[in-house]
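Some notes on the structure that comes next.
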Amino acid sequence: GQFSDLLKFFEIYGSPNKYRGDVELVSYVFNGDFVDRGHHSLEVITLLFSLKLAYPNQIFLIRGNHEDRQVNHTYGFHTECCSRFKNKEIGNRIWEAINTVFDWLPLSGLIEERILVLHGGIGSNLTSIEQIRQLERPIKSTFDVPLLGDLLWSDPAENDNVIGTHASTNRGPGIVSFGADVVLEFCASNNLDVIIRSHECVQSGYELFASGHLLTIFSATNYTNKYNNDGALLEITRNLKITPKVIKSSSIF
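If you're matching positions, the sequence shown starts at 389 in the working numbering and goes up one per residue.
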């Protein structure tokens, strides 16, 4: 919901605009959590949906844990929809319609068969990319299948020295954190170079894990006006070189 950050990234690093932007040359992947926590979720999701409609082969939207009715009813998006329209029922119908689209969003993306992009992590249930392909959409609730909890909610461990999977201390029951060994084994067995994920506020906007085989990217600056963190995006070249691009923290969103 931090619309000004989205516009700032477009202004500084390029935008999907055929007149002044670079959409004819590159693709854009947006890695979930489009709504909640900021004050302008409607603007964010309306713009992203519009870009997807305008450039269906260049714009890709991956589902995050907040693209779920139960979550975004609790963390602000439903309230925003109902308060921004004079008729609360209209706001509720718009909220429901947007969530119906969320039910169909993909849960991951694969770049040149070498880079896996997902919102949360690999958790304890995911061993093969094929498991993600076999998930049938639409998915109305993301809380019913343990694999979805991994994909949307799990986090890497605090450092590379932690091995195995462990119950999360801050995500709730059934959610795990996973060690560097889990990442390395998954990458090796699935012929991957890197896993890119989001979901977690990191101070510099990006953070490496598992000797660089997992990269957390977080684009909302000064998250919820509390953390004074920078935001970042990733530029990936055709030869799969990954370069973080940062915008500094701002208290305005």
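All residues carry an ideal CB built from backbone N, CA and C; glycine is no exception.
Keep in mind the model is a prediction, meaning the values are calculated, not measured.
First through last residue of the alpha helix (DSSP H) which encompasses residue i
i: Ala-598; result: From DSSP, Ala-598 is part of no alpha helix (DSSP H); its letter is neither H nor E.
i: Tyr-401; result: 391-401
i: Lys-476; result: 476-490
i: Lys-440; result: 429-442
i: Glu-518; result: 517-521
i: Phe-473; result: Segment: none, Phe-473 is in no alpha helix (DSSP H) and carries neither H nor E.
i: His-461; result: 457-462
CB-CB length for residue i against residue j, believed under 8 Å
i: Ser-637; j: Asp-421; result: 18 Å between Cβ atoms; not a contact.
i: Ser-403; j: Ile-450; result: Not really, about 19 Å apart at Cβ, beyond 8 Å.
i: Asp-548; j: Ala-598; result: 6 Å
i: Ile-447; j: Lys-440; result: 5 Å
Residues that DSSP places opposite residue i in a beta bridge
i: Phe-566; result: Pro-544 and Thr-553
i: Pro-632; result: Leu-622
i: Arg-585; result: Thr-604
i: Val-417; result: Phe-448
i: Val-505; result: Gly-497 and Ile-584
Residue i classed as buried or exposed, judged by whether at least 16 other C-beta atoms fall within 10 angstroms
i: Val-505; result: buried
i: Ser-639; result: Caution is warranted here: a pLDDT of 47 is assigned to Ser-639, below 50, making its placement in the model unreliable, and the coordinate value is therefore given only provisionally. With fewer than 16 Cβ atoms within 10 Å of its Cβ, Ser-639 is classed as exposed.
i: Phe-641; result: Note on Phe-641: pLDDT 43, under 50, position unreliable in the model; no value is reported.
i: Lys-396; result: buried
i: Val-570; result: buried
i: Trp-541; result: buried
i: Gly-600; result: exposed
i: Glu-501; result: exposed
i: Asn-460; result: buried
i: Glu-468; result: buried
i: Ile-400; result: exposed
Run of the beta strand (DSSP E) containing residue i, from where it starts to where it stops
i: Leu-498; result: 496-499
At least three beta-carbon pairs within less than 8 Å, the region 547-561 to the region 602-621: Verdict: no, contact absent.
Three-pair Cβ contact test at 8 Å for the region 479-489 versus the region 503-523: The region 479-489 is not in contact with the region 503-523.
The region 610-630 touching the region 570-579, judged by at least three CB pairs closer than 8 Å: Look at the beta carbons and you see the region 610-630 not touching the region 570-579: under three pairs across the two are nearer than 8 Å.
Segment contact, 8 Å Cβ cut-off, at least three pairs: the region 521-531 with the region 445-463: Taking a cut-off of 8 Å on C-beta distances, the region 521-531 touches the region 445-463, as three or more cross pairs fall below it.
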